[in-house]
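Chemist:
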Amino acid sequence: MTAPPAAVMAAGDLTKRPVVTLDGEAVAQVKDVVLDGAGGRIAGFTLAGRSLLSGPLRKSLPWSAVHALGADAVMITSAEALEDKAAVASWQEASGGLVRGARVLTDQGVQVGSVRDVLVESGREGRVVGVEMSSTEALGRQERTVFLPLGGRPALTGDTLMIPARDTEYVVEDVGELAAAVGRRRLAEAGPGLDGLGGAHLTKGPSAAGGPDGVGGPDGSGEGRTS
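Going left to right, the sequence shown walks through residues 1 to 227 as my numbering numbers them.
#1: Is it true that the CB of Leu-47 sits closer than 8 Å to the CB of Pro-30?
#2: Whose C-beta lies closer than 6 Å to the C-beta of Val-110 among residues of the same chain, with five residues either side of it excluded?
#3: Buried or exposed for Asp-23, going by 16 or more other Cβ atoms inside 10 Å?
#4: Under three-state DSSP, which class holds Ala-71?
#5: Identify, in the order they occur along the chain, each residue of the same chain with its Cβ nearer than 6 Å to the Cβ of Val-175, setting aside the five sequence neighbours on each side.
#6: Helix, strand or coil: which one does DSSP assign to Val-110?
#7: Give the secondary structure of Ser-122 by DSSP, where H, G and I count as helix, E and B as strand, and everything else as coil.
#8: Give, in chain order, every unbroken run of the beta strand (DSSP E) that is at least 3 residues long and sits entirely within the region 27-63.
#9: Round the Cβ separation of Ala-26 and Val-20 to the nearest angstrom and send it over; I've been treating them as touching at under 8 Å.
#10: Does any residue of chain D bring its CB to less than 8 Å from the CB of Leu-187?
#11: From the DSSP output, in three-state form, read off Val-19 for me.
#12: Where Thr-168 and Asp-72 are concerned, what is the direct C-alpha to C-alpha distance, given to the nearest angstrom?
#13: Residues in its own chain within less than 6 Å of Ala-87 by CB, not counting five upstream and five downstream?
#14: On a Cα-Cα basis, can you pick out the residue from Arg-141, Gln-142, Gln-108, Glu-173 that is closest to Leu-161?
#15: Would Val-128 pass as a contact of Val-118 if the rule is Cβ separation under 8 Å?
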């Protein structure tokens, strides 16, 4: 049976979260979250120093080196897990795609909302599980903040996130209900004839026009930061 995510958090809320070793040493804090939308997961983090006056570090943290993403910290085995900034920055430089303000459009051609943030699950998977969005009248919730579960490979064209129309059945108004909604959607997706749409990238930035502040993935799936 497909299980729902244990906990869900907004990618934007991960900025400034401490990066802590299993020995309890805080070695950095998250500067930007880089998402691999093609894989539907966090690709890694760019980092800043721990003090208030610290700027960006010359190190980054690929997701492969993360021990776990927790409610209060990103856990790594040791400081040696940090890699050269280029390990993640090269993905970040390919940013573009789904940005804050991008429209959410069903495969029936109906706009149901616009993206406000990307939602990921805690633990060792770091999967993208949904988006926070401002809804349209098409959902009967004009300009309300709602939460939409996503399939493993959301479809993206330009600044539009394409979803199957049936996914609107799983929209919830409380982020605390999203994990259960994700579980219901996964069960439906696992059923016969319920294949999801193709792969794409997820980015988050200051405007629907995209730019260096985006979050996304490689292979045309762009990445960037959530700040």
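We put the beta carbon where it would ideally sit given N, CA and C, even for glycine. Keep in mind the model is a prediction, meaning the values are calculated, not measured.
Modeler: Once the coordinates are examined:
#1: For the record, residue 30 in the displayed sequence is Val; it is not Pro. Between Val-30 and Leu-47, the C-beta gap is smaller than 8 Å, which places the two residues in contact.
#2: Annotation for Val-110: Ala-138 place their beta carbon closer than 6 Å to its own, counting only its chain and skipping 5 residues before and after.
#3: Exposed, because fewer than 16 other Cβ atoms sit within 10 Å of the Cβ of Asp-23.
#4: It is coil, neither helix nor strand.
#5: Closer than 6 Å at the Cβ level, and outside the excluded window around Val-175, lie Phe-147.
#6: Note: Val-110 maps to coil in three-state DSSP.
#7: Ser-122 falls in the coil class under three-state DSSP.
#8: Under the rule that a run must span 3 or more residues, the beta strand (DSSP E) segments found entirely inside the region 27-63 read 41-48, 56-62.
#9: The Cβ separation is near 5 Å, so the contact holds.
#10: Protein chains in the displayed structure number just one, and chain D is not present.
#11: Three-state result, Val-19: strand.
#12: Thr-168 and Asp-72 have their C-alpha atoms some 31 Å from each other.
#13: Close CB contacts of Ala-87 within its chain, under the 6 Å cut and outside five residues either way in sequence, are with Ser-60, Pro-62 (chain order).
#14: Considering only alpha carbons, the answer is Gln-108.
#15: In this structure, Val-118 lies closer than 8 Å to Val-128 by Cβ.
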